[in-house]
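According to the working numbering, the stretch in the sequence shown is residues 1263 to 1678, in order. The beta-carbon is built from N, C-alpha and C at its ideal position, and this holds for glycine as well. What follows is a single structure, written as structure tokens, with notes after it.
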Amino acid sequence: MAPKNAPNLRKYQTSLVLLLEAAFIAIFYFFVNYEDYNVNGKRIPLDMYAEFQDVHVMVFFGFGFLMMFLRRYSFSSTGFNLLLAALAVQWATLMNGFLFSFRDGSITINLKSLVTANMCAASAVIAMGAVLGKSNPIQLILMTLLEVSGFIFNRWILKNVLRVDLLLSILHLHVFGAFFGLMMAWALSLPGKNRRHEKEKQSTTTSLFSMLGTIFLWMFWPSFNSAFLEKENEKMYAVYNTYFGMAVSAVTAFAVSVITSRKGQLNMAHIHSAVLAGGVAVSATAMMTTFPWIAMTLGFTAGVISVLGYRYARPMLNRSFGIHDTCGVLWIHGFPGIIGVLTKVIIKLVMAENIRMILKDLLFEYVALSATLALSLVLGMITGFLLKCKWWKPVPFHKHFDDQAYWEFPHLAMKL
């Protein structure tokens, strides 16, 4: 049975989505053009298309199926991921265009800008993972607009204030998306409702589909970390390091999951999350590490932290602070992302020939990470409190993690 506020949501949701799309179409009409490769004999970068396709599959297929582990929320996990990612790509294209590539009164779109937009969409999808099952579509749409705006504004700060390379600044998406979602989950939490929800369960079918999404992300993650690198040696280093880092994190996840189990059995939720943590941890250093053992050590560390955090710290955060992280994004993206940045600082220190000259760069790295954390936490908290307003029809606790609140559900699903 659908919740009593479904008709109101239907009216608001339709109006909001159609209004946004009408606005996007109008803005694209006046300000956006495709890059013309017939001018001055420009070479069409067809090699970039493969990387675009890899990142595209990760955002729409990989993350969508990764979040499909909940027994009664699989329709919403994949469906809302598609909705938010498609919306975020359009909004990110405009935001990045106006802030970074607005020339002669127009925005020029090419394959690189599409990859950038997909990565910005990934940050919103990561944030959604923290509030999965506890937010209605209107809240998620507004969250996407605010999160993508905040993330791109953070990139603008890193570029113009801290002089961080624009293309490398996008790798902060893991940290920004995770902590934005975490603070939003805290702000949306209901008093006295920090116990485990009866519908927050997995099933064999949904866990298998989630594993499918995990494998797709695992396979394409080297493209995610190397897409913007132009030097061939740096690109290949990024591919090699990401591959070995994720291989080690996958093996480590299986080992640590067994250790933390009372019956000595594997936990599928650990595998879904921890095998990807290595790719996140390697992202900041992937292009500069010339020794595979460093990437493998990062993968091992991220795998251990991810499993232990998901197993022990995640329920503690819920009980003690009311922070319910549905997908465990803090342990897949948040802390592994921080580990990667800190490792980058250590590597620069070790490789530096002149410590005095490198200290300025290291200070900027630290400030960039601190600014990303601060902005994501503040904006996530503000967004959560704004969306908690009764005007947005927050989901009542007994309707959390339930597809039937939003979808025309097959009658056999009532047996779940």
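Handout entry: Euclidean distance between Cα positions of S1385 and R1618
Key = Along the sequence shown, read from residue 1 onward, the residue named residue 1385 stands at position 123. Along the sequence shown, read from residue 1 onward, the residue named residue 1618 stands at position 356. Going by the C-alpha atoms only, they are around 35 Å apart.
Problem - Identity of the residues DSSP links to Q1401 by a beta bridge - result: For the purposes of this step, residue 1401 is taken as residue 139 along the sequence shown, with counting starting at 1. Paired residue(s): none; Q1401 is not in a bridge.
Practice task
Return helix, strand or coil for N1616, following the three-state DSSP convention.
Solution key: Within the sequence shown, the letter at position 354 stands for residue 1616. Here N1616 sits in coil by DSSP.
Handout entry: Separation of Y1299 from A1447, as counted between CA atoms
Key = Residue 1447 sits at position 185 when you count from the first residue of the sequence shown. Residue 1299 sits at position 37 when you count from the first residue of the sequence shown. A1447 and Y1299: Cα-Cα distance of roughly 45 Å.
Handout entry: Status (buried if at least 16 other CB within 10 Å, exposed otherwise) for D1366
Key = For this step, residue 1366 is matched to residue 104 along the sequence shown. With fewer than 16 Cβ atoms within 10 Å of its Cβ, D1366 is classed as exposed.
Practice task
Just grab the DSSP bridge partners of T1370 for me.
Solution key: Here the question's residue 1370 lines up with position 108 in the sequence shown. According to DSSP, which records beta bridges pairwise, T1370 is partnered with N1295.
Handout entry: Delimiting residues of the alpha helix (DSSP H) encompassing M1473
Key = Here residue 1473 corresponds to residue number 211 of the sequence shown, with the count starting at 1. Counting along the chain, the alpha helix (DSSP H) containing M1473 begins and ends at T1466 to S1488.
Handout entry: Neighbour-count burial assignment, E1615, 16 or more Cβ in a 10 Å radius
Key = To locate residue 1615, count along the sequence shown from 1; it is residue 353. Answer is exposed; the Cβ neighbour count stays below 16.
Practice task
Quick one: residues in its chain with C-beta nearer than 7 Å to the C-beta of C1589, no 5 flanking neighbours on either side, listed in chain order?
Solution key: Sequence index remark: in the sequence shown, residue 1589 carries index 327 (1-based). Closer than 7 Å at Cβ, skipping near neighbours: M1329, G1391, A1392 and L1394.
Problem - Own chain residues within Cβ distance below 7 Å of R1334, not counting five before or after - result: Here residue 1334 refers to the residue found at position 72 of the sequence shown. K1461, F1663, D1664, D1665 and L1678, listed in sequence order.
Problem - Residues near L1428 in its chain [Cβ-Cβ closer than 6 Å; skip 5 each side] - result: Here residue 1428 corresponds to residue number 166 of the sequence shown, with the count starting at 1. Excluding positions up to five away in sequence, the list reads K1421.
Exercise for the section: Measure the CB-CB distance between V1377 and A1347 and report whether it falls below 9 Å. Expected result: Along the sequence shown, one-based indexing puts residue 1377 at 115. Along the sequence shown, one-based indexing puts residue 1347 at 85. Not closer than 9 Å, so no.
Problem - Local conformation of R1573 per DSSP, three classes - result: One-based indexing of the sequence shown puts residue 1573 at position 311. R1573: helix per DSSP, three-state reduction.
Exercise for the section: Flag S1397 as yes if its beta-carbon sits less than 9 Å from any beta-carbon of chain B, otherwise no. Expected result: Note that chain B does not occur in the displayed structure, where there is just one protein chain.
Practice task
Determine the extent of the alpha helix (DSSP H) in which L1430 is found, giving its start and end residues.
Solution key: For the purposes of this step, residue 1430 is taken as the residue at position 168 of the sequence shown. L1428 to S1431 is the extent of the alpha helix (DSSP H) around L1430.
Exercise for the section: Using alpha carbons as the reference points, say which of T1551, V1566, G1541 and G1341 lies closest to H1595. Expected result: Within the sequence shown, numbered from 1, the residue matching residue 1595 stands at position 333. Nearest C-alpha to H1595: G1541.
Practice task
Determine the contact status of H1434 and T1634, defining contact as a CB-CB distance below 9 Å.
Solution key: Start at 1 with the first residue of the sequence shown, and residue 1434 comes out as number 172. Start at 1 with the first residue of the sequence shown, and residue 1634 comes out as number 372. Yes, the Cβ-Cβ distance between H1434 and T1634 is below 9 Å.
Exercise for the section: Mind checking which residues open and close the alpha helix (DSSP H) that includes N1358? Expected result: Residue mapping note: residue 1358 aligns to position 96 of the sequence shown, counting from 1. From DSSP, the alpha helix (DSSP H) with N1358 extends over S1336 to F1362.
Practice task
Give a yes or no on contact between the stretch 1308-1317 and the stretch 1435-1445, applying the rule of three or more CB pairs nearer than 8 Å.
Solution key: no
Practice task
Reducing DSSP to helix, strand and coil, say where L1394 ends up.
Solution key: Looking up residue 1394 in the sequence shown gives position 132. Of the three classes helix, strand and coil, the one that applies to L1394 here is coil, per DSSP.
Practice task
Classify W1480 as buried or exposed, calling it buried when 16 or more other Cβ atoms lie within 10 Å of its own Cβ.
Solution key: As a position in the sequence shown, residue 1480 is number 218, starting the count at 1. When all chains shown are included, W1480 counts as buried.
Exercise for the section: Along the alpha helix (DSSP H) that carries G1507, what are the first and last residues, could you check? Expected result: The residue given as residue 1507 occupies position 245 in the sequence shown. First-last of the alpha helix (DSSP H) with G1507: E1494 to T1522.
Exercise for the section: Express the C-alpha separation of V1657 and S1397 in angstroms, rounding to a whole number. Expected result: In the sequence shown, the residue the question calls residue 1397 occupies position 135. In the sequence shown, the residue the question calls residue 1657 occupies position 395. When rounded, the distance between both Cα atoms is 6 Å.
Exercise for the section: Using beta-carbon positions only, say whether S1488 and A1548 come within less than 9 Å of one another. Expected result: Locating residue 1488 in the sequence shown gives position 226, counting from the first residue. Locating residue 1548 in the sequence shown gives position 286, counting from the first residue. Against a cut-off of 9 Å, the Cβ pair of A1548 and S1488 comes out as a contact.
Practice task
Kindly indicate which three-state DSSP category R1417 falls into: helix, strand or coil?
Solution key: Reading the sequence shown from its first residue, position 155 is the one you call residue 1417. R1417 falls in the helix class under three-state DSSP.
Handout entry: Straight-line gap, L1344 to G1324 (C-alpha atoms, nearest Å)
Key = For the purposes of this step, residue 1344 is taken as the residue at position 82 of the sequence shown. For the purposes of this step, residue 1324 is taken as the residue at position 62 of the sequence shown. Their backbone Cα atoms lie some 11 Å apart in a straight line.
Exercise for the section: To the nearest angstrom, report how far apart P1484 and G1599 are at their CA atoms. Expected result: Residue mapping note: residue 1484 aligns to position 222 of the sequence shown, counting from 1. Residue mapping note: residue 1599 aligns to position 337 of the sequence shown, counting from 1. So the alpha carbons of these two residues sit roughly 15 Å apart.
Practice task
Consult DSSP for L1407 and reduce its assignment to one of helix, strand or coil.
Solution key: Here residue 1407 is taken as the residue at index 145 of the sequence shown, counted from 1. Correct three-state label for L1407: helix.
Problem - C-alpha distance - R1417 paired with L1404, whole-angstrom precision - result: One-based indexing of the sequence shown puts residue 1417 at position 155. One-based indexing of the sequence shown puts residue 1404 at position 142. Approximately 20 Å between the Cα atoms of the pair.
Practice task
Per DSSP, which residues does R1365 bridge with? Please list them.
Solution key: Sequence index remark: in the sequence shown, residue 1365 carries index 103 (1-based). Looking at the DSSP assignment, R1365 forms a beta bridge with S1368.
Handout entry: Residue range of the alpha helix (DSSP H) that includes F1314
Key = As a first step, residue 1314 must be located in the sequence shown, where it is residue number 52. Start and end: D1309 to V1319.
Problem - Cβ neighbours of M1530 in the same chain (closer than 6 Å, five flanking residues each side left out) - result: Position 268 of the sequence shown, counted from the first residue, corresponds to residue 1530. Within the same chain, M1530 has close Cβ partners S1469.
Problem - Nearest neighbour of T1355, chosen from K1273, N1380 and H1660 [CA to CA] - result: Your numbering for residue 1355 matches position 93 in the sequence shown. Minimum Cα distance to T1355 is reached at N1380.
Problem - Close-in-space but distant-in-sequence residues of the same chain around G1359 (CB under 6 Å, 5 per side omitted) - result: As a working note, residue 1359 is residue 97 in the sequence shown. So the list reads I1369, once near-sequence residues are dropped.
Exercise for the section: Look up L1332 in the DSSP assignment and say whether it is helix, strand or coil. Expected result: As a first step, residue 1332 is located in the sequence shown; it is residue number 70 there, counting from the start. Of the three classes helix, strand and coil, the one that applies to L1332 here is strand, per DSSP.
Practice task
Would you kindly check if the distance between the Cβ of T1340 and the Cβ of F1327 is under 9 Å?
Solution key: For the purposes of this step, residue 1327 is taken as the residue at position 65 of the sequence shown. For the purposes of this step, residue 1340 is taken as the residue at position 78 of the sequence shown. Yes; because the gap between Cβ atoms is below 9 Å, this pair is in contact.
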